[in-house]
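Its first residue numbered 76, the sequence shown is counted upward by one per residue in this note's numbering.
Backbone N, C-alpha and C define an ideal beta-carbon position, used for all residues, glycine too.
Down below is the structure, laid out as structure tokens.
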Amino acid sequence: RLSNLAYAADALDVLDSTLGEATDLLNEAKSLALEQMNTGTTAEERANQALVVQSLIDSMERMANRESIVGYIFGGSRPGIPPVESFHGGFRFVGERGGLTTDLGVLRGIPITLGADNVIGSMSARVEGAVDLDPELSEETRVSDLRGARGLGVTLGRVKASFDGGEPFDIDLSGADTVGDVVDQIEASIRAYEDENEVTILGAGGVSLNGRSIEIDVSDGELLFEDLPGGITGQDLGLVASPASAFGSTRSLTGDLQPRISWNTPIDALQALSDPLGTIRLTNNGTSAIIDLSEAETLDDVRSLIEGTNLGVRVEINDDGTGINVVSEVAGGRGDGLAIEEVSGTTAEQLGIRSMTLETSLDVFNDGRGVQIVDGQIDPTTGLYDTERNVDFIITLGDGFEIPIDLRPDDVLTVGSVIDAINEQAEAALTEAGRSTSDLVASLNTTTNGIALTQDSGISGALAVRADNNSPAAEQLGLLDGTWNDTTGTLVGEDRAKSRPDNVFTHLIDLRDALNANDDFGISLAAEKLDESLSRIVESRALVAGYARRVSDESLREEDRQVLDLQMRSELRDLDYAEAASRFAQLQTQLQAGLQTTAQLSRLSLLDFLG
């Protein structure tokens with residue numbers, strides 16, 4: 076056991092020292108960023124400092140791939156391969172989540188590596204499945220993949236059933252592995268009861284699957300299920316209801332067994348899909364691929380096709396088992412994050428993985444900075460709310476007509492809410508001017524991500540957007556850098572919902588790129604993010620130090636135990652047996668005398684001390 080403790084201590088020491096070096100490196104990068112925020116710094120000086128930042132990035136890559144006695148310290152549960160690799164101008168984290176643990180007895184829960192959740196290799200950038208794929212039950216569905224009728228999973232055991240109040244019979248489901256096994260065992264037990272008692276319980280449908288439930292076709296009479304004392308199998312499978320309800324003319328289905336999706340789930344079992352799968356466009360780290368999902372038969376096929384693009388993404392089933400997430404492994408430059416769009420149809424939206432929908436929160440825009448507006452400005456003379464001072468941007472139609480947009484806090488919650496606000500204010504302005512409300516319509520673009528502003532086909536000239544009152548809203552919504560389509564009369568804004576991993580490589584790359592671009596605002600943002608990374612590394616180091624202290628304390632206790640064991644063995648080896656026997660006899664006599672005295676005292680009462 077001491078060997079295991081020493082093994083863990085060595086690994087944790089390397090982790091601690093590496094995190095310390097990373098802290099020093101980030102402090103250097105942060106100091107550099109703060110120095111370059113001075114207005115007197117020239118573009119040439121900043122370009123030279125960008126080379127320094129690049130050297131820091133190279134050093135961080137070497138730290139991220141450092142090894143200890145257990146392997147790569149940031150490799151998570153797979154420490155055998157380097158966790159960070161250069162990837163098309165960015166850095167890809169290929170390690171696993173979680174950490175590797177070693178057998179330390181009472182300390183067995185201590186990780187000796189860090190995985191994808193650490194600040195150096197965080198894979199926080201993801202498109203989270205926004206749709207419950209609602210899978211149907213199949214005979215191949217594992218019982219372990221059921222949340223059960225109570226939402227607490229399924230515990231298999233025995234249940235009892237009775238027909239028309241007759242003698243109950245047991246159904247043993249303890250050996251079932253799949254839903255098909257459960258169905259077969261229930262039907263086999265009922266058929267056996269029918270043969271033994273010469274009755275007919277099941278109709279032509281027998282016991283089968285229907286959507287997310289088990290269906291029991293009772294031809295005539297009532298079949299009642301009950302749990303054995305202390306059992307919950309019937310409740311978990313929806314066979315037992317509260318209040319009690321028998322299967323018969325008024326009931327044929329169990330409760331919803333809430334199956335989780337798995338990689339083996341067939342595509343045609345996903346009730347959330349209203350149309351066949353088609354093609355989607357996936358963009359990551361500035362590279363795009365069109366993926367045809369029409370031939371996918373299972374979710375594993377979908378995963379293979381998406382991950383097979385080699386764009387540095389992985390597909391995971393979410394924690395609730397209701398949908399899939401697409402996770403970016405690549406830290407790259409600003410604007411090169413993960414985006415998933417439609418090509419034709421609604422495949423990405425049906426799978427819940429389109430990265431910009433009407434329900435997308437604006438909080439995720441601009442790398443999590445959201446969208447800021449001008450609000451609450453008052454007229455200094457009247458002290459009243461001044462509409463003109465609160466206008467965030469102005470939309471100018473091709474014929475020169477201007478539509479001011481004043482966004483309120485309730486308007487910048489989701490993509491849908493901001494589109495609704497634009498349409499409401501545009502409709503009011505157009506109506507007041509006696510124009511058609513179709514002259515301007517805001518919407519979510521149907522294919523590529525972005526807010527679309529479409530003017531009436533009868534209006535010539537390009538539509539334009541400009542910021543007002545120094546409001547950043549138009550820029551942060553992507554409307555200032557949109558793409559104009561003269562054929563459709565549509566301005567499609569930039570996709571500001573792209574996501575990137577929130578890790579040190581992302582922030583160092585941002586600082587390097589901002590210095591090269593002589594971008595004051597970008598340098599400021601990078602400095603802010605580096606400060607956040609520093610805080611997280613300090614927290615990680617404190618956690619590792621705590622683990623190391625526990626290992627050290629346990630090592631000392633183990634050494635003390637071993638010394639005590641050696642002392643006892645030494646005393647036994649050097650024992651004088653004659654002296655020991657004599658001493659043992661004396662101790663036995665003393666013990667017997669003590670017990671006799673105690674017994675005599677316990678028999679005394681007050682009468683023994685009177686008169």
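Let me confirm a value: residue 551 is counted as buried when at least 16 other C-beta atoms fall within 10 Å, else exposed. Which label applies? Position 476 of the sequence shown, counting from 1, holds the residue named residue 551. With a 10 Å radius around the Cβ and a threshold of 16 neighbouring Cβ atoms, residue 551 comes out buried.
*Mark residue 162 as exposed unless 16 or more other C-beta atoms lie within 10 angstroms of its C-beta, in which case mark it buried.*
Taking the sequence shown and counting its residues from 1, the one referred to as residue 162 is at position 87. Result: buried.
Quick check for students: name the residue ranges of the beta strand (DSSP E) that lie wholly in the segment 243–315, counting only runs of 3 or more. Secondary structure within the segment 243–315: the beta strand (DSSP E) runs of 3 or more consecutive residues, fully enclosed, are 244–247, 277–285, 288–293 and 298–302 (chain order).
Item to complete: Assign residue 147 to buried or exposed, taking buried as 16 or more other Cβ atoms, counted over all protein chains shown, within 10 Å of its Cβ.
Response: Taking the sequence shown and counting its residues from 1, the one referred to as residue 147 is at position 72. By the 10 Å Cβ count, residue 147 comes out buried.
- Counting Cβ pairs, one atom from each stretch, are 3 or more of them under 8 Å apart for the segment 556–565 and the segment 498–507? They do not touch, by the three-pair rule.
For a quick check, are the C-beta atoms of residue 430 and residue 415 less than 9 Å apart?
Sequence index remark: in the sequence shown, residue 430 carries index 355 (1-based). Sequence index remark: in the sequence shown, residue 415 carries index 340 (1-based). For the 9 Å CB-CB criterion, residue 430 and residue 415 form a contact.
Report task. With DSSP collapsed to three states, give me the class of residue 573. Result -> If you number the sequence shown from 1, residue 573 lands on position 498. Three-state DSSP puts residue 573 in coil, outside helix and strand.
Check each candidate in 576, 498, 361 and 234 and name the one with the smallest Cα separation from residue 401.
Walking along the sequence shown from the start, residue 401 turns up at place 326. Comparing Cα-Cα distances from residue 401 to each of 576, 498, 361 and 234, the minimum goes to 576.
* Asked: From which residue to which residue does the alpha helix (DSSP H) around residue 151 run?
  -> Taking the first residue of the sequence shown as 1, we reach residue 151 at position 76. Residue 151 -> no alpha helix (DSSP H), and no H or E assigned at all.
Based on Cα-Cα distance, which residue from 81, 101, 84 and 78 lies nearest to residue 605? Along the sequence shown, one-based indexing puts residue 605 at 530. Nearest option by C-alpha distance: 101.
- Buried or exposed by the 16-neighbour rule on C-beta atoms within 10 Å, applied to residue 287: Numbered from 1 along the sequence shown, position 212 holds the residue referred to as residue 287. Residue 287 is buried by the Cβ-count criterion.
Quick one: which unbroken beta strand (DSSP E) runs of 3-plus residues sit fully inside the segment 530–563? Chain order, please.
Contiguous beta strand (DSSP E) elements confined to the segment 530–563 occur at 539–542 and 558–560, taking only those with 3 or more residues.
Exercise for review: Output the residue ranges of the alpha helix (DSSP H) runs that lie fully inside the segment 109–169 and measure 4 residues or longer, sorted by chain position.
Suggested key: DSSP runs (the alpha helix (DSSP H)) wholly in the segment 109–169: 118–139.
- Query: Should residue 268 be labelled buried (16 or more other beta-carbon atoms within 10 Å of its own) or exposed?
  - Reply: Here residue 268 corresponds to residue number 193 of the sequence shown, with the count starting at 1. Looking at its Cβ environment, which holds 16 or more other Cβ atoms inside 10 Å, residue 268 is buried.
query = For the alpha helix (DSSP H) that residue 441 lies in, which residues bound it at each end?
reply = Taking the first residue of the sequence shown as position 1, residue 441 is located at position 366. Here the alpha helix (DSSP H) through residue 441 covers 440–443.
(message) Please state the DSSP three-state secondary structure of residue 639.
(response) Counting from 1 along the sequence shown, the entry for residue 639 is found at position 564. Reduced to three states, the DSSP call for residue 639 is helix.
### Message
From the DSSP secondary-structure annotation, give me the bridge partner or partners of residue 105.
### Response
Indexing the sequence shown from 1 puts residue 105 at position 30. None; residue 105 has no bridge partner.
query = Could you give the distance in angstroms between the alpha-carbon of residue 554 and the alpha-carbon of residue 349?
reply = Position 479 of the sequence shown, counted from the first residue, corresponds to residue 554. Position 274 of the sequence shown, counted from the first residue, corresponds to residue 349. Rounded to the nearest angstrom, the gap between the Cα atoms of residue 554 and residue 349 is 32 Å.
- Query: Shortest alpha-carbon distance to residue 209 belongs to which of 159, 192 and 397?
  - Reply: In the sequence shown, counting from the first residue as 1, residue 209 sits at position 134. With distances taken between Cα atoms, residue 209 lies closest to 397.
Next on the checklist: Helix, strand or coil, according to DSSP, for residue 565 in the structure here?
Outcome noted: Position 490 of the sequence shown, counting from 1, holds the residue named residue 565. Three-state result, residue 565: strand.
Which first and last residues belong to the beta strand (DSSP E) in which residue 382 is found? As a working mapping, residue 382 is identified with position 307 in the sequence shown. For residue 382, there is no enclosing beta strand (DSSP E); the residue is part of the alpha helix (DSSP H) that begins and ends at 374–382.
Presumed contact (8 Å Cβ cut-off) between residue 619 and residue 98, rounded CB distance: Position 544 of the sequence shown, counted from the first residue, corresponds to residue 619. Position 23 of the sequence shown, counted from the first residue, corresponds to residue 98. Actually they do not touch by this definition, with Cβ atoms about 12 Å apart.
- request: Take every Cβ of the segment 157–176, pair it with every Cβ of the segment 404–412, and state whether three or more of those distances are shorter than 8 Å.
  value: The segment 157–176 is in contact with the segment 404–412.
**Message:** Please report the straight-line C-alpha distance between residue 359 and residue 203, rounded to a whole angstrom.
**Reply:** In the sequence shown, the residue the question calls residue 359 occupies position 284. In the sequence shown, the residue the question calls residue 203 occupies position 128. One C-alpha to the other measures close to 15 Å.
- Query: Which residue or residues does DSSP assign as beta-bridge partners of residue 193?
  - Reply: Within the sequence shown, residue 193 is the residue found at index 118, counting from 1. Residue 193 is not bridged to any residue.
Cβ neighbour criterion (16 or more within 10 Å) applied to residue 571
Numbered from 1 along the sequence shown, position 496 holds the residue referred to as residue 571. Residue environment analysis places residue 571 among the buried positions, since at least 16 neighbouring C-beta atoms fall within 10 angstroms of its C-beta.
Applying the 10 Å Cβ sphere with the 16-neighbour rule, what's the burial state of residue 569? As a working mapping, residue 569 is identified with position 494 in the sequence shown. Residue 569 is buried by the Cβ-count criterion.
Worksheet item: Out of curiosity, what's the CA-to-CA distance linking residue 587 and residue 130?
Response: In the sequence shown, the residue the question calls residue 587 occupies position 512. In the sequence shown, the residue the question calls residue 130 occupies position 55. One C-alpha to the other measures close to 10 Å.
Tell me, please, which residues DSSP counts as bridged to residue 497.
-> By 1-based counting over the sequence shown, the position of residue 497 is 422. As far as DSSP is concerned, residue 497 takes part in no beta bridge.
Q: Quick one: measure Cβ to Cβ for residue 277 and residue 292, integer angstroms, because I've assumed they're closer than 8 Å.
A: In the sequence shown, the residue the question calls residue 277 occupies position 202. In the sequence shown, the residue the question calls residue 292 occupies position 217. About 6 Å separates the beta carbon of residue 277 from that of residue 292, a gap short enough to meet the 8 Å contact definition.
**Message:** According to DSSP, residue 210 sits in a beta bridge with which residue or residues?
**Reply:** Residue 210 sits at position 135 when you count from the first residue of the sequence shown. Looking at the DSSP assignment, residue 210 forms a beta bridge with 345.
*Please say whether residue 136 and residue 89 have beta carbons closer to each other than 9 Å?*
Mapped onto the sequence shown, residue 89 falls at position 14. Mapped onto the sequence shown, residue 136 falls at position 61. The answer is no: Cβ separation not under 9 Å.
- In three-state DSSP terms, what is residue 677? Taking the sequence shown and counting its residues from 1, the one referred to as residue 677 is at position 602. Helix.
Identified DSSP bridge partners for residue 404:
Taking the first residue of the sequence shown as position 1, residue 404 is located at position 329. Answer is none; residue 404 lacks a bridge partner.
Rounded Cβ spacing between residue 368 and residue 355 (contact assumed at less than 8 Å): One-based indexing of the sequence shown puts residue 368 at position 293. One-based indexing of the sequence shown puts residue 355 at position 280. Approximately 7 Å separates the beta-carbon atoms of residue 368 and residue 355; this is inside 8 Å, confirming the contact.
Pop quiz: residue 86 and residue 156 are said to be a contact at Cβ under 8 Å. What is the actual Cβ separation, rounded to whole angstroms?
By 1-based counting over the sequence shown, the position of residue 86 is 11. By 1-based counting over the sequence shown, the position of residue 156 is 81. Incorrect: roughly 17 Å between the Cβ atoms, too far for contact.
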